[in-house]
Amino acid sequence: MFSHTEFILFGFPGIVAYRRFLVIPFLSVYVMIWTGNFILIYQICVVRSLQSPMYILISILFTVNIFSTTSFIPKFILGLSINMTEITLAGCLVQMFCIYFMAIFESGIILAMALDRYVAICKPLRYNDIMSKQTLVYLVLVGIVRSLIFASPMVILASYAQYCKSHIILNFVCENMGLLSLACSDISKLQIIGLLVRIFITIPDSGLLLLSYSSILYAAMKIVSGKARHKALQTCGMHLLVAMLIYICAIVSSVVYRMHARVSYDVQNLFNAIYLMFPATLNPFIYGLGVKEIRQSLKRSSKRSLVFSSSIHIHTQRCT
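Numbering of the sequence shown is given in my numbering, commencing with residue 8 and proceeding in unit increments.
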């Protein structure tokens, strides 16, 4: 049976006349993601006071943001600007794997950050013993292995499907449901596996996050110092809100895809873009600038840069 090995990514098909203008928002968001995440990664790496497990986990999260968006945004921008919309089946599967792997790994890192905050607030005297370098390495490795276990089956099974309906994917990324909609073989098992992966990631992870942050908030309410209590409540509340928004976006994106008969392709693309790009855009503000220590470190670095540039300017004027 004939099966397509090359496809065309044609996202937002309902606005063909205006698709090129999508370069502006997508490129702007991509530059913002790279700039915000990279600056904060660099800051955490060079400042000694930011070498604790919490900040290392935050830097890993920012790295995931960069890699996850780089796996699909440049390809879409090239498709819009110079009509490079073609992608091979192998390239499509690689992109799909990167997206799912990074999404699952991001969820694991957010869980590890919640564990770190739980130990710091609920068991402060044992923090250094529990959140050691060995524990940090273990958490990251578990996150990588878990991501491989859940992301690989969907991609491997999708590679065996026969794609003979069409070679046009009406999405700006290679997404599991979008690719499988072109298959002419029985895909019911693949759809069930994809749904189970979403369930086994979203429900346990969101449940563990709620449990962890509930314990943190309960412990914070018993803190005598009003200032310390307010800081703990504000930080944990914001982290929990962002994490829940990510999981809600994932669920909504999945539901919208399964309602393709009643929802336009443009709406599907929009929800997919929000799900894939929203966390990477928001994380630097919440987990970076929203953290007092990182914010103060950035201010000190900015002041040193201004002093250094001013001294160079004065020295240049004297020489001339």
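Virtual Cβ for every residue (Gly too), placed ideally from N, Cα, C.
Paired residues, beta bridge with residue i - DSSP
{"i": "Leu16", "result": "Ile176"}
{"i": "Tyr170", "result": "Ala190"}
Status (buried if at least 16 other CB within 10 Å, exposed otherwise) for residue i
{"i": "Lys140", "result": "exposed"}
{"i": "Pro32", "result": "exposed"}
{"i": "Cys52", "result": "exposed"}
{"i": "Val263", "result": "buried"}
{"i": "Ser166", "result": "exposed"}
{"i": "Lys172", "result": "exposed"}
{"i": "Met91", "result": "exposed"}
{"i": "Tyr62", "result": "buried"}
Delimiting residues of the alpha helix (DSSP H) encompassing residue i
{"i": "Ile94", "result": "Note, Ile94: premise wrong, no alpha helix (DSSP H); beta strand (DSSP E) at Glu93 to Thr95."}
{"i": "Gln198", "result": "Ser195 to Met228"}
{"i": "Asn90", "result": "Here Asn90 belongs to no alpha helix (DSSP H), and DSSP marks it neither H nor E."}
{"i": "Gly43", "result": "Val30 to Val53"}
{"i": "Phe74", "result": "Pro60 to Thr77"}
{"i": "Tyr272", "result": "Tyr272 to Asn290"}
{"i": "Ile137", "result": "Tyr134 to Ile137"}
Beta carbon of residue i nearer than 8 Å to that of residue j
{"i": "Gly150", "j": "Ala121", "result": "no"}
{"i": "Leu16", "j": "Ile176", "result": "yes"}
{"i": "Pro211", "j": "Ile253", "result": "no"}
{"i": "Met103", "j": "Asn183", "result": "yes"}
{"i": "Asn276", "j": "Phe19", "result": "yes"}
{"i": "Gln50", "j": "Ser304", "result": "yes"}
{"i": "Ile48", "j": "Ser66", "result": "yes"}
{"i": "Leu240", "j": "Ala226", "result": "no"}
{"i": "Ile194", "j": "Leu187", "result": "yes"}
{"i": "Tyr220", "j": "His11", "result": "no"}
Own chain partners of residue i with C-beta closer than 8 Å, once the 5 adjacent residues on each side are dropped
{"i": "Leu68", "result": "Glu113, Ile116, Ile117, Met120, Asn290 and Tyr294"}
{"i": "Thr242", "result": "Arg124, Gly297 and Val298"}
{"i": "Ser271", "result": "Gly21"}
{"i": "Asp273", "result": "Phe19, Pro20, Gly21 and Ile22"}
{"i": "Ile200", "result": "Pro160, Met161 and Leu164"}
{"i": "Glu13", "result": "Glu93, Ile94, Thr95, Leu96 and His174"}
Close Cβ partners of residue i (< 7 Å) along its chain, the five nearest in sequence each way excluded
{"i": "Leu296", "result": "Arg302"}
{"i": "Ile208", "result": "Ile111, Ser114 and Phe157"}
{"i": "Ile80", "result": "Phe33 and Tyr37"}
{"i": "Val204", "result": "Phe157 and Met161"}
{"i": "Met245", "result": "Ile293 and Gly297"}
Cutoff 8 Å: residue i Cβ touching any chain B Cβ
{"i": "Cys256", "result": "The structure shown has no chain B; it contains just one protein chain."}
Own chain, CB closer than 6 Å to residue i, minus 5 neighbours either side, in chain order
{"i": "Ala127", "result": "Tyr134"}
{"i": "Met251", "result": "none"}
{"i": "Asn44", "result": "Phe69, Asn72, Ile73 and Pro291"}
{"i": "Gly98", "result": "none"}
{"i": "Leu216", "result": "Ala121 and Ala250"}
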